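Residue numbers for the sequence shown, in the working numbering: 10 to 234. We put the beta carbon where it would ideally sit given N, CA and C, even for glycine. Given the structure is predicted, the values throughout are model-derived calculations rather than measurements.
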Amino acid sequence: MAETIKIIYEDNHLLVVEKPVNVLSQADNSQEDDMVSRLKKLIKIRDQKPGQVFIGLVHRLDRPVGGLMVFAKTSKGASRLSDSIRCHTFKKIYLAIVDSVSLPQEGTLEDYLYKDSQKNRVFVVDAKKGKLARLHYQVLAKKRGKSLVRIVLETGRPHQIRVQFASRNWPLVNDQRYHPHPNRGSICLFAYQLSFPHPTKREEISFQLYPKTSGIWSLFQEKLQ
């Protein structure tokens, strides 16, 4: 189990790990593998803990998306990390490859989004029907009709990055849900940077992890190191 989880940082209150592609953040009705269950099993076996192991889910990544996630190991840690998300001091930055070179060099995307839970699909709607979604992006490089983009989330809506870019005809490479003509392969979206106040020390801590430069990511190898 330890070999299946890459731990970036760990202390008494939190865990920062790499979530692999196509693993759920939290269990759902599918009964498939998920990060919370993996971490509980890992800690129970590794630390020989009796009884239940506490792992608090603080934020989520879509199932097909890989990258950095933080989990709480204590209820105090979970509460304070959740507070930092509400207070916008928890910062998440992503890397994505967009199947377009028409987007401006940088910009802010603002939309109202509505999630159809039955279809597990998100739509851009008007302000009365949806929730505000805002992000900021910067193009890092363009090559062979594709753009490497750095994305800073201001809000954390379901499927937000994928929907906001796709709605402007800038779909993410290999996005099986929102790209009109996706190729096979994993979506080119990766949570590569996290920063937030430590739940007990209160100092800001930051973590960075680049995606492996395989597949389409190898186009931008010089930028991913």
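Residue i versus the options, residue with shortest Cα-Cα distance
i	options	result
R211	L90, K124, E115, I17	L90
Q127	K53, N38, Q217, L23	N38
L77	K15, V107, K50, R47	K15
G154	V148, N192, V110	V110
F229	F174, L149, R171	L149
N21	S46, V62, D42, H97	V62
V131	K152, R166, L144	R166
E163	S195, E41, G116	G116
E231	C96, L23, L157	L157
E19	L51, A36, Q40	L51
S93	T209, L70, I170	T209
I64	S46, L122, I54	S46
T222	F216, R55, L233, Y123	L233
Three-state secondary structure assigned by DSSP to residue i
i	result
K85	helix
L77	strand
L144	strand
E231	helix
L51	helix
R130	strand
G224	helix
D92	helix
A11	Because A11 carries a pLDDT of 45, less than 50, the predicted location of this residue cannot be relied on, and the following value inherits that uncertainty. Of the three classes helix, strand and coil, the one that applies to A11 here is helix, per DSSP.
V107	strand
S215	strand
V62	coil
S46	helix
L112	coil
D135	coil
Cβ neighbour criterion (16 or more within 10 Å) applied to residue i
i	result
E12	Caution applies to E12, whose pLDDT of 48 falls short of 50 and renders its modelled position unreliable; the model cannot decide the point.
A81	buried
A142	buried
D184	buried
A136	exposed
Q173	buried
S34	buried
G60	exposed
P220	buried
I225	buried
H168	buried
D42	exposed
D120	buried
G86	buried
D125	exposed
I106	buried
S84	exposed
P189	exposed
Contact with chain C by residue i, beta-carbon distance below 8 Å
i	result
K138	This model lacks chain C altogether; it includes just one protein chain.
Exercise for the section: Assess, as a yes-or-no matter, whether the segment 98–105 is touched by the segment 197–216 under the definition of 3 or more beta carbon pairs within less than 8 Å. Expected result: Taking 8 Å as the limit for Cβ pairs, the verdict is that the segment 98–105 does touch the segment 197–216.
Problem - Touch test, the segment 68–76 against the segment 23–43, Cβ-Cβ under 8 Å, three pairs minimum - result: Short answer: they touch.
Exercise for the section: Any chance you could list the alpha helix (DSSP H) runs of at least 4 consecutive residues sitting entirely within the segment 137–193, in chain order? Expected result: Listed in chain order, the complete alpha helix (DSSP H) runs (minimum 4 residues) inside the segment 137–193 are 169–175.
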